[in-house]
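Here's the structure, in structure tokens; my notes come after.
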Amino acid sequence: MFFPRALNLLVPRISQRAKFISSILSALLTTLILLSIPESGGQGRLDDETIRYKGQQLSIKWDPLTRAPLIIRGIESNLLEIKNFSKLSRKEITHTGPLLVSKYQPLLQIGPNQLKLKGAEKISDTWYVSYWQTFQGVILYESSLGFSIDSHGRIKSLGAILYPNVQAPVTSKISHEKALKIGQGQIKDFKKLKCRLVAESVLVYPVKKTNSIDYYRVYAFNFFPEEALHPATTEGGWAVFVDSQNGKVVLFEILMKPLGCCVPEDWVPPKPEEMKPKW
Amino acid sequence: MVSLKLLKFLSVVLPIFLLVFACKEKPEKSSLPKLGTAAIDFNCQDLKGQIWSLDKVRGKVVLLRFWADWCPYCRYEMPVIDKYYRKLNKEGFLVLAVNVKQSPEVALAFTAQLDITFPIPLDPDGEMAKRYGVYAIPTNFLIDRQGVIREILIGEVFKEEKFLENLLKDYFKM
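Protein sequence lines, in the order shown, are assigned to chains S and L.
Just remember that my numbering sits 910 ahead of the position in the first sequence, which is counted from 1.
Just remember that my numbering sits 126 ahead of the position in the second sequence, which is counted from 1.
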């Protein structure tokens, strides 16, 4: 609508047919402009940058909102080389993350003491190690820092979702019991469906806005109907995040089931402590 | 005059309307896919901005995979799958690992952590997963060169390399 009106102002005396044609042309122009804009959330807006850091050349892809690195790669060099890697134990290997963060702390903008191990596993000859970011000991939802270590102990790149300068409450104002009731209250037929709480935690939940991030300290609950706990059913569950400050529900989401392999015939629902949490 | 105004309005709005819908999933036609039936086509943008559809990759053997980074079972299969993707890509093996309901930043960081090279299409609202009947992740569909679904694998199945290798033996010289 905007373009035709503008054209009308510019050419007030042209015929109706010409106006009509100009409208079509402007519509096509609008279409072309829309096509040329990268889709929101596409990688087109994530820029690569090459920098020199302590004499080392690095390629960095920054998160446009947090301004923290999403990817850091060494150019013709490794981010870290671990000596005698083959002799290290699993526990020693999990200490690699803090080492890496210490080395690149000015870029990563978090400290090594903010990492909490998410997982470490060896596939073929390569170790894959990942961590959450924490704030005052509380995990940030969907945060991560991870990398692979080859058989020679080389780390060539890292991937991360980090939040520098987190500003979140450090204590909860409402009780766990109250939050749980609020969470359960979000699910229709909670009792009828025989819903079970299969995972819960206190998390910092960052919500990205256009130019800023809101940080909520939340009680996070994962509920599943009993029927859904069977791996072969198509039933899903729910994630409910309750703001620990005022009891408001800040996230209510249908969950898909994370599944390991194979459904044995004598399968029975797992105990809550056996269920892997969403975070 | 009214009809002319209406035409003008439609001439502007319609292309935009059509464009918006053309960029999204094609409308749902059928229920859940079944083995031996044609895989449902889609249009999905990957992390590099490339649009993928099954029509475009006909003639390739496609492993269509649905995953999310919070799923512990999805993570460690990825390097195994990537190994075979690197090995057989030139012979026509394509992996489309669709990230379900997460931001491109999360998906990007995840791929960098695992050094994955195959395309990662994004399904931000979970619509594509829904159309494929995905209720648990990881879920994998092996689609043959004619676009027919030959395997549906739900849960963690590829952590053991041999499983994937045996599956691909039917399509490639290993």
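Don't be surprised by glycine CBs; every beta carbon is placed ideally from N, CA and C.
- For S:T1036, the chain L residues whose Cβ falls inside 7 Å of its Cβ are P205, in order along the chain.
- Judged by beta-carbon spacing, L:P198 lies beyond the 7 Å limit of L:L240, meaning their Cβ atoms are not closer than that value.
- Looking only at L:G218, L:D249 and L:A223, the smallest Cα-Cα distance to L:T237 is reached by L:A223.
- As computed with DSSP, L:N266 is found in a beta bridge with L:R191 and L:L279.
- In the displayed model, L:V206 falls within a helix according to three-state DSSP.
- Under the DSSP definition of a beta bridge, S:K1032 partners with S:W1037.
- Contact of L:Q176 with chain S is not assigned, every C-beta pair being separated by 7 Å or more.
- In the same chain as S:K1026, and ignoring 5 residues on each side of it, the C-beta atoms closer than 7 Å to its own belong to Y1041, W1042, T1044 and I1049, in chain order.
- CA-CA distance, L:L190 to S:N1156, rounds to 42 Å.
- Contact between L:A255 and S:A1070 fails: their C-beta atoms lie close to 26 Å from each other, not under 8 Å.
- S:L968 is bridged by DSSP to S:I961 and S:G984.
- For the segment 212 to 239 of chain L, the beta-carbon criterion of a distance under 9 Å to any beta-carbon of chain S is satisfied by V226, K227, Q228, S229, P230, E231, V232, L234, A235, F236, T237, A238 and Q239.
- CA-to-CA, the gap between S:G1056 and L:G185 works out to about 35 Å.
- By the C-beta criterion, the segment 1120 to 1138 of chain S is judged not to be in contact with the segment 987 to 999 of chain S, since fewer than 3 inter-stretch pairs fall below 8 Å.
- Chain S has no Cβ within less than 7 Å of the Cβ of L:D296.
- Under the Cβ criterion of 7 Å, S:L1009 is not counted among the residues facing chain L.
- In the structure shown, the three-state DSSP call for S:V1114 is strand.
- Around the beta carbon of L:I263, 16 or more other beta carbons lie within 10 angstroms, which makes this residue buried.
- The Cβ of S:F1057 sits closer than 7 Å to at least one Cβ of chain L.
- By the neighbour-count criterion, in which a residue is buried when 16 or more other Cβ atoms sit within 10 angstroms of its Cβ, S:P1016 is exposed.
- DSSP places S:R977 in the coil class of the three-state scheme, outside both helix and strand.
- Straight-line measurement puts the Cα of S:T976 at about 11 Å from the Cα of S:K1119.
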